[in-house]
Amino acid sequence: MAHLGVRSDAVAITVNGDSRDIPAGSTITSLLTSLELDPRLVVVERNREILRDRDSYGHIELTDGDTIEIVHFVGGG
Amino acid sequence: MATATQPTLDTPFVVGEREFQSRLMVGTGKYPSNAMMVQAIEASGAEVVTVAVRRVDLDRTKDAGVLHHLDPARYFLLANTAGCYSADDAVRYARLARAAGFNEWVKLEVIGDQESLLPDTAGLLDATRVLAAEGFKVMAYTNDDLITALRLEDAGAVAVMPLASPIGSGLGLLNPFAIRTIKHRLSVPVIVDAGVGTASDACITMEQGVDGILMNTGIAAAGDPVRMAIAMRFAVEAGRLAHLAGRMPRREIAVPSSPIAGMLG
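Chains as they are written, first to last, in our numbering: chain Z, 1 to 77; chain G, 1001 to 1265.
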């Protein structure tokens, strides 16, 4: 859930449909780390664009209003 | 399996230039537990296992991902686009699945109706064209309509997957004639997907001459999924061999199996 008091050093993003405030300067890597997700087991989409290159995650800085989708494989037929 | 005294019993099962040993493909959904899912899949002998693409549940990330339980080095992961109701959505899910980095295959579903889960064949054709052009190996889940099957083949699908009966229904093969017709007319493999409820359904389906079967609920929702997985493995093999062997003609009269000559006077 989003923090109530938005600090100036935070950016507001949406992750899997939920609003979140994250520290300014956060990257995809730091977001995944904070969510305790293994980058090798998920796929990340930013503003409807798939981030195919996992090596780039550490360089992609999240900005205010970004919509992030993090998906993985689940059981299905 | 083949030895010096045992001729090769079956022809290779090739889909999209890849050869598989098992003609049974299985899903990973709806099992009572992950441990049972793993056991049942192992017992089924399947190499190809389907998975779905979904949002990570950020509140409980430890256990939900199927790759925490299934070794992707051991099984060929076939991502599906289940739950997609438009070609655009299906294409998006397929691209996400490919970005996971395992392969460029997709079991394409474009569903047209929430109640029947029957395919939207127009959307399916659109999505097949887009994905085939992007280099995807598209296995298209469709109904048992020959014309759609032919168009999917033309659109670049590497396999066409007509249903036996609706997804999760367990009603078995409702239209053997339609499935045989599709098999006779297509060059790409025909793999029946959905509706197989028990081993006899699988056997009868394979006896129609199709190349394989994909099933999920028939195993996962069985009273004992591991036993059913084994039953399905045998049923698929039995049906395949019976098809290759060629059944005897049906007759409306009895014909004795024992000699008539030599009876006591």
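Cβ coordinates follow ideal geometry from the N, Cα and C atoms, glycine included.
Report task. Would you list the one or two residues that DSSP bridges to G/Gly1212? Result -> Translated into the one-based positions of the second sequence, residue 1212 of chain G becomes position 212. G/Ile1191.
Report task. Check whether the Cβ atoms of Z/Val74 and G/Arg1054 sit closer than 8 angstroms, and answer yes or no. Result -> For the purposes of this step, residue 74 of chain Z is taken as residue 74 along the first sequence, with counting starting at 1. For the purposes of this step, residue 1054 of chain G is taken as residue 54 along the second sequence, with counting starting at 1. It is a contact, given that the beta carbons lie within the stated cut-off.
Query raised in the report: For the stretch 47–67 of chain Z, which residues have a beta carbon sitting closer than 7 angstroms to at least one beta carbon of chain G?
Result: Answer set for the stretch 47–67 of chain Z: Ile50 and Arg52.
Report task. Spatial neighbours of G/Phe1234 within its chain, please: CB distance less than 8 angstroms, with the 5 preceding and 5 following residues excluded, ordered by chain position. Result -> For the purposes of this step, residue 1234 of chain G is taken as the residue at position 234 of the second sequence. Closer than 8 angstroms at Cβ, skipping near neighbours: Ala1199.
Query raised in the report: Which of the three DSSP states, helix, strand or coil, is assigned to Z/Ala2?
Result: Counted from its first residue, the first sequence places residue 2 of chain Z at position 2. Any answer about Z/Ala2 is weak, because its pLDDT of 48 lies below 50 and its placement is not dependable; what the coordinates show is given next. If DSSP states are grouped into helix, strand and coil, Z/Ala2 belongs with coil.
Query - Candidates G/Ser1187, G/Arg1180, G/Arg1185 and G/Ala1231, of which the one nearest G/Val1210 by Cα - result: As a working note, residue 1210 of chain G is residue 210 in the second sequence. Selected option, being the one with the closest Cα: G/Arg1180.
Query raised in the report: So, helix, strand or coil for Z/Ser19, using DSSP?
Result: The residue you call residue 19 of chain Z lines up with position 19 of the first sequence. Z/Ser19 falls in the strand class under three-state DSSP.
Requested in this report: Determine the burial state of G/Phe1136: buried for a count of at least 16 other Cβ atoms within 10 Å of its Cβ, exposed for fewer.
Outcome: Working through the second sequence from its first residue, we reach residue 1136 of chain G at position 136. In summary, G/Phe1136 is buried, with 16 or more beta-carbon neighbours lying within 10 Å of its beta-carbon over all protein chains present.
Query raised in the report: Along chain G, which residues have their Cβ under 7 angstroms away from the Cβ of Z/Leu31?
Result: Working through the first sequence from its first residue, we reach residue 31 of chain Z at position 31. Within chain G, no residue comes near Z/Leu31; the closest Cβ sits about 11 angstroms away, beyond 7 angstroms.
Query - Contact set between G/Asn1216 and chain Z, taken where Cβ atoms lie within less than 8 angstroms - result: Numbered from 1 along the second sequence, position 216 holds the residue referred to as residue 1216 of chain G. In chain order: Gly76 and Gly77.
Query raised in the report: Residues of chain G with a CB under 8 angstroms from the CB of Z/Ile70: which are they?
Result: Sequence index remark: in the first sequence, residue 70 of chain Z carries index 70 (1-based). Here the neighbours are Arg1055, Val1056 and Leu1058.
Query raised in the report: From this set, Z/Gly17, Z/Glu69 and Z/Asp38, which residue's C-alpha is nearest Z/Arg48's C-alpha?
Result: One-based indexing of the first sequence puts residue 48 of chain Z at position 48. Checking every option, the nearest Cα to that of Z/Arg48 belongs to Z/Glu69.
Query raised in the report: Taking buried to mean at least 16 other C-beta atoms within 10 Å of its own C-beta, is G/Thr1003 buried or exposed?
Result: Position 3 of the second sequence holds residue 1003 of chain G. At G/Thr1003 the pLDDT is 45, less than 50, meaning the model places this residue with poor confidence; the figure from the coordinates comes in the next sentence. Under this definition G/Thr1003 is an exposed residue.
Requested in this report: Measure the Cβ-Cβ separation of G/Asn1034 and Z/Gly76 and say whether it is below 8 angstroms.
Outcome: The residue given as residue 1034 of chain G occupies position 34 in the second sequence. The residue given as residue 76 of chain Z occupies position 76 in the first sequence. The criterion of a C-beta distance shorter than 8 angstroms is not satisfied by G/Asn1034 and Z/Gly76.
Requested in this report: Can you give me, in chain order, the residues of the stretch 10–35 of chain Z that have a beta carbon less than 8 angstroms from any beta carbon in chain G?
Outcome: Answer in chain order: Val15, Asn16, Gly17, Asp18 and Leu35.
Requested in this report: Would you mind sorting G/Thr1011 into buried or exposed? The rule is 16 or more other CB atoms within 10 Å of its CB.
Outcome: Your numbering for residue 1011 of chain G matches position 11 in the second sequence. Burial call: exposed.
Query raised in the report: What residue range is occupied by the uninterrupted beta strand (DSSP E) comprising G/Phe1076?
Result: Within the second sequence, residue 1076 of chain G is the residue found at index 76, counting from 1. For G/Phe1076, the enclosing beta strand (DSSP E) covers residues Phe1076 to Asn1080.
Query raised in the report: If you count every other CB in all the chains shown that lies within 10 Å of the CB of G/Gln1114, and 16 or more means buried, which is it?
Result: In the second sequence, the residue the question calls residue 1114 of chain G occupies position 114. So G/Gln1114 ends up on the exposed side.
Query raised in the report: Alpha carbon to alpha carbon, how far is G/Asp1193 from G/Asp1088?
Result: Translated into positions along the second sequence, residue 1193 of chain G becomes position 193. Translated into positions along the second sequence, residue 1088 of chain G becomes position 88. G/Asp1193 and G/Asp1088: Cα-Cα distance of roughly 22 angstroms.
Query raised in the report: Given 8 angstroms as the limit, is there contact between the stretch 1100–1119 of chain G and the stretch 1036–1044 of chain G, that is, 3 or more CB pairs closer than that?
Result: no
Query - Counterpart residues of G/Met1025 in DSSP-defined beta bridges - result: On the second sequence, position 25 is the one that residue 1025 of chain G refers to. Paired residue(s): G/Leu1214.
**Report entry** Interface flag, G/Leu1024 vs chain Z, CB-CB below 8 angstroms
**Finding:** Stepping through the second sequence from its first residue, residue 1024 of chain G is reached at position 24. No, no contact with chain Z.
Requested in this report: For G/Ala1254, count neighbouring C-beta atoms within 10 Å of its own C-beta (all shown protein chains included) and say buried if the count is 16 or more, exposed if not.
Outcome: Within the second sequence, the letter at position 254 stands for residue 1254 of chain G. The residue is exposed, with fewer than 16 neighbouring Cβ atoms inside 10 Å.
Query raised in the report: Under a Cβ-count criterion, where at least 16 other Cβ atoms within 10 Å of its own Cβ denotes burial, should Z/Arg20 be classed as buried or exposed?
Result: In the first sequence, counting from the first residue as 1, residue 20 of chain Z sits at position 20. Classification for Z/Arg20: buried.
Report task. Give the straight-line distance between the Cα atoms of Z/His72 and G/Val1056, rounded to the nearest whole angstrom. Result -> The sequence position of residue 72 of chain Z within the first sequence is 72, counting from 1. The sequence position of residue 1056 of chain G within the second sequence is 56, counting from 1. Each residue's alpha carbon lies about 6 angstroms from the other.
Query - Three-state secondary structure (DSSP) of Z/Gly75 - result: As a first step, residue 75 of chain Z is located in the first sequence; it is residue number 75 there, counting from the start. In the structure shown, Z/Gly75 sits in a strand (DSSP, three-state: E or B).
Query raised in the report: In chain Z, which residues lie less than 7 angstroms from G/Leu1096 when you measure between Cβ atoms?
Result: As a working note, residue 1096 of chain G is residue 96 in the second sequence. Chain Z residues near G/Leu1096: Val43, Glu45, Ile50 and Val71.
**Report entry** Candidates G/Gly1265, G/Ser1187, G/Gly1170 and G/Asn1143, of which the one nearest G/Gly1218 by Cα
**Finding:** Within the second sequence, the letter at position 218 stands for residue 1218 of chain G. Measuring from the Cα of G/Gly1218, the nearest candidate turns out to be G/Gly1170.
Query - Per DSSP, the bridge partner or partners of G/Phe1013 - result: As a first step, residue 1013 of chain G is located in the second sequence; it is residue number 13 there, counting from the start. Answer is G/Phe1020, bridged to G/Phe1013.
Query raised in the report: Based on the DSSP output, what are the partners of G/Met1139 in its beta bridges?
Result: Reading the second sequence from its first residue, position 139 is the one you call residue 1139 of chain G. In DSSP, G/Met1139 forms a bridge with G/Lys1107 and G/Ala1159.
Requested in this report: For G/Glu1047, count neighbouring Cβ atoms within 10 angstroms of its own Cβ and tell me buried if that reaches 16, exposed if not.
Outcome: Taking the first residue of the second sequence as position 1, residue 1047 of chain G is located at position 47. Buried, since its Cβ has 16 or more Cβ neighbours within 10 Å.
Report task. Check whether the Cβ atoms of G/Asn1216 and G/Val1026 sit closer than 8 angstroms, and answer yes or no. Result -> As a first step, residue 1216 of chain G is located in the second sequence; it is residue number 216 there, counting from the start. As a first step, residue 1026 of chain G is located in the second sequence; it is residue number 26 there, counting from the start. Taking 8 angstroms as the Cβ cut-off, G/Asn1216 and G/Val1026 qualify as a contacting pair.
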